[in-house]
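Undergrad: The structure is given below, and queries will be raised subsequently.
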Amino acid sequence: MRNLYEFIIKYIHVFLFIFLEITCFVFIYKSSSYRQWAFNVSSKEITGPVLKLRSTYREYIQLKKINENLLEENRKLLCVSYNRELQLLQTITVLDSTAKPMYEYQKADVVENTINLQNNYIVLDKGKKDGITADMGVISPLGIVGVVKDVSHNYSIVLSVLHKNFSISAKVNTSNVSGILVWNGKNHTKAQLKHISSIDNIQIGDTVSIQHSLIFPESYPIGTVDYINKQVKGGYFELDVVLFEKMDRINKVWIVKNNYTAEITKLKNSVEDE
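Using the numbering used here, you'd call the opening residue of the sequence shown number 1 and step up by one each time.
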């Protein structure tokens, strides 16, 4: 304690000088609005980059949460947009408020994804415990991704759009001309729409979407027409379709559940069995 007292006495003039300097600075700052403004500008020049860095860091660590929120909002929009026709029908003819929407969507993360094979696949982190079954569709915010082929307790494997056995009915929106969407095994950014009967009203850039499917929502986007092949034999034409979804970059998807698949399939089987 005595040493501290001696230290203060020894340097009392230094402490007094610092105290007076601070006091003068405060009085000068308060006495002039211009000086306040100049001080604020100077301080912001110094602290601005630091605050910006802190803000950027906070945004970065919250990206996962922000992305999750966006995906949830997109899921809700999907439920509204692609169930609208069914809901309208129910409002008119069905008074049962407990009726399920045609499509429900469950988010999943991509565990593994291939694009360089002839039979490409995708592994998702959802399985039987999450209610996932074979033949469910898989989509992204941009377009279709594939169809669930098999499931285990915790995971599912998806037949990618980039698989030689994948096929789905699709249409060109502007002309409503339909065909079968397949992949020729060459370019992972494109698929082929085959068995096109007419190309009269089809143009490069036209949107291609789902048609008549129990797996995917009606009119869900696929891609755009990139090339019209007029040399196909057999009286049909073929279109190259640039996929909306970049298949080499997918990491989050939705698994599509059609709540009426079993009912519709039963009806179809009753006709086929006759």
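Glycine is no exception: its CB is placed at the ideal position from the N, C-alpha and C atoms.
From Y105 to V151, what does the alpha carbon distance come to, in whole angstroms?
TA: Taking the first residue of the sequence shown as position 1, residue 105 is located at position 105. Taking the first residue of the sequence shown as position 1, residue 151 is located at position 151. Those two C-alpha atoms are separated by around 17 Å.
Undergrad: Excluding sequence positions up to five away, which residues of its chain have a Cβ less than 7 Å from the Cβ of V172?
TA: Counting from one through the sequence shown, the residue named residue 172 turns up at place 172. Excluding sequence neighbours, V172 sits near I202, D206, V208, V225.
Undergrad: Considering Cα atoms alone, identify which of G146, G131, I22, I12 is closest to K252.
TA: For the purposes of this step, residue 252 is taken as the residue at position 252 of the sequence shown. Taking only the C-alpha atoms, the option nearest K252 is G146.
Undergrad: Would you call A170 buried or exposed, if buried means 16 or more other Cβ atoms sit within 10 Å of its Cβ?
TA: Looking up residue 170 in the sequence shown gives position 170. By the neighbour-count rule (16 or more Cβ atoms within 10 Å), A170 is buried.
Undergrad: Are the beta-carbon atoms of I199 and F237 separated by less than 8 Å?
TA: The residue labelled residue 199 in the question sits at position 199 within the sequence shown. The residue labelled residue 237 in the question sits at position 237 within the sequence shown. Cβ distance < 8 Å, so I199 and F237 count as in contact.
Undergrad: Look at the Cβ atom of T189, then the Cβ atom of V242, and state whether they are nearer than 8 Å.
TA: Locating residue 189 in the sequence shown gives position 189, counting from the first residue. Locating residue 242 in the sequence shown gives position 242, counting from the first residue. A contact, by the Cβ cut-off of 8 Å.
Undergrad: May I have the straight-line CA-CA distance separating Y282 from K129, to the nearest angstrom?
TA: The structure shown does not extend to residue 282, since the chain is modelled only from 1 through 274, so no value can be given for it.
Undergrad: Which word fits K246, buried or exposed, when buried means at least 16 other C-beta atoms lie within 10 angstroms of its C-beta?
TA: Stepping through the sequence shown from its first residue, residue 246 is reached at position 246. Exposed, by the Cβ-count rule.
Undergrad: With distances taken between CB atoms, is the gap from I210 to I196 smaller than 8 Å?
TA: Locating residue 210 in the sequence shown gives position 210, counting from the first residue. Locating residue 196 in the sequence shown gives position 196, counting from the first residue. In this structure, I196 does not lie closer than 8 Å to I210 by Cβ.
Undergrad: Quick one: measure Cβ to Cβ for V182 and S167, integer angstroms, because I've assumed they're closer than 8 Å.
TA: Along the sequence shown, read from residue 1 onward, the residue named residue 182 stands at position 182. Along the sequence shown, read from residue 1 onward, the residue named residue 167 stands at position 167. Right, their Cβ atoms sit about 5 Å apart.
Undergrad: Between E112, V158, L117, which has its C-alpha nearest A134's C-alpha?
TA: Locating residue 134 in the sequence shown gives position 134, where the first residue counts as 1. Nearest of E112, V158, L117 to A134, Cα basis: V158.
Undergrad: Compute the Euclidean distance between the alpha carbons of E263 and N269, then round it to the nearest angstrom.
TA: By 1-based counting over the sequence shown, the position of residue 263 is 263. By 1-based counting over the sequence shown, the position of residue 269 is 269. Their Cα atoms are separated by approximately 10 Å.
Undergrad: Give the secondary structure of K164 by DSSP, where H, G and I count as helix, E and B as strand, and everything else as coil.
TA: Locating residue 164 in the sequence shown gives position 164, counting from the first residue. It is coil, neither helix nor strand.
Undergrad: Apply the 10 Å Cβ neighbour rule to E85 and answer buried if 16 or more other Cβ atoms are within range, or exposed otherwise.
TA: Here residue 85 is taken as the residue at index 85 of the sequence shown, counted from 1. Its pLDDT being 44, under 50, E85 is placed unreliably by the model, and nothing is read from it.
Undergrad: Taking F216 and V161 to be in contact with their CB atoms under 8 Å, please state how far apart those CB atoms are, rounded to whole angstroms.
TA: By 1-based counting over the sequence shown, the position of residue 216 is 216. By 1-based counting over the sequence shown, the position of residue 161 is 161. Not really, about 11 Å apart at Cβ, beyond 8 Å.
Undergrad: Who are the near neighbours of S140 in its chain, counting only those whose CB is closer than 8 Å to its CB and skipping five residues on each side?
TA: Your numbering for residue 140 matches position 140 in the sequence shown. Hits under 8 Å: E245, I250, K252, V253, W254.
Undergrad: Once you ignore the five residues that flank I132 on each side, which residues in its own chain have a CB closer than 7 Å to its CB?
TA: Within the sequence shown, the letter at position 132 stands for residue 132. K126, V148, V151, S156, I255, listed in sequence order.
Undergrad: Measure from the alpha carbon of T174 to the alpha carbon of each residue in D248, I122, I204, Q192, then state which is nearest.
TA: Numbered from its first residue, the sequence shown carries residue 174 at position 174. Minimum Cα distance to T174 is reached at I204.
Undergrad: In whole angstroms, what is the alpha-carbon distance linking Y220 and G143?
TA: Residue mapping note: residue 220 aligns to position 220 of the sequence shown, counting from 1. Residue mapping note: residue 143 aligns to position 143 of the sequence shown, counting from 1. So the alpha carbons of these two residues sit roughly 7 Å apart.
Undergrad: At the level of alpha carbons, what is the spacing between K186 and V138?
TA: Mapped onto the sequence shown, residue 186 falls at position 186. Mapped onto the sequence shown, residue 138 falls at position 138. Roughly 22 Å between the two C-alpha positions.
Undergrad: Do you know how far the Cα of D248 is from the Cα of H163?
TA: Taking the first residue of the sequence shown as 1, we reach residue 163 at position 163. Taking the first residue of the sequence shown as 1, we reach residue 248 at position 248. Cα-Cα distance, rounded: 14 Å.
Undergrad: In whole angstroms, what separates the C-alpha of S178 from that of L124?
TA: Translated into the one-based positions of the sequence shown, residue 178 becomes position 178. Translated into the one-based positions of the sequence shown, residue 124 becomes position 124. Distance between the alpha carbons of S178 and L124: 30 Å.
Undergrad: Whose C-beta lies closer than 7 Å to the C-beta of K100 among residues of the same chain, with five residues either side of it excluded?
TA: Numbered from its first residue, the sequence shown carries residue 100 at position 100. Result list for K100: N259, in chain order.
Undergrad: Restricting to Cα atoms, I'd like to know which of K107, N119, M102 is closest to N277.
TA: The requested residue 277 does not occur in the structure, where the chain is confined to residues 1 to 274.
Undergrad: Relative to the C-alpha of V232, which residue among N176, L267, Q192, V111 is closest?
TA: Your numbering for residue 232 matches position 232 in the sequence shown. Comparing Cα-Cα distances from V232 to each of N176, L267, Q192, V111, the minimum goes to Q192.
Undergrad: Between L239 and E218, what straight-line distance do the alpha-carbon atoms span, to the nearest angstrom?
TA: Here the question's residue 239 lines up with position 239 in the sequence shown. Here the question's residue 218 lines up with position 218 in the sequence shown. If I take the Cα positions, the gap works out to 20 Å.
Undergrad: Starting from E238, follow its DSSP beta bridges and name the residues at the other end.
TA: Here the question's residue 238 lines up with position 238 in the sequence shown. Partner(s): N229.
Undergrad: Taking the straight line between their C-alpha atoms, what separation do you get for I22 and I12?
TA: The residue given as residue 22 occupies position 22 in the sequence shown. The residue given as residue 12 occupies position 12 in the sequence shown. I22 and I12: Cα-Cα distance of roughly 15 Å.
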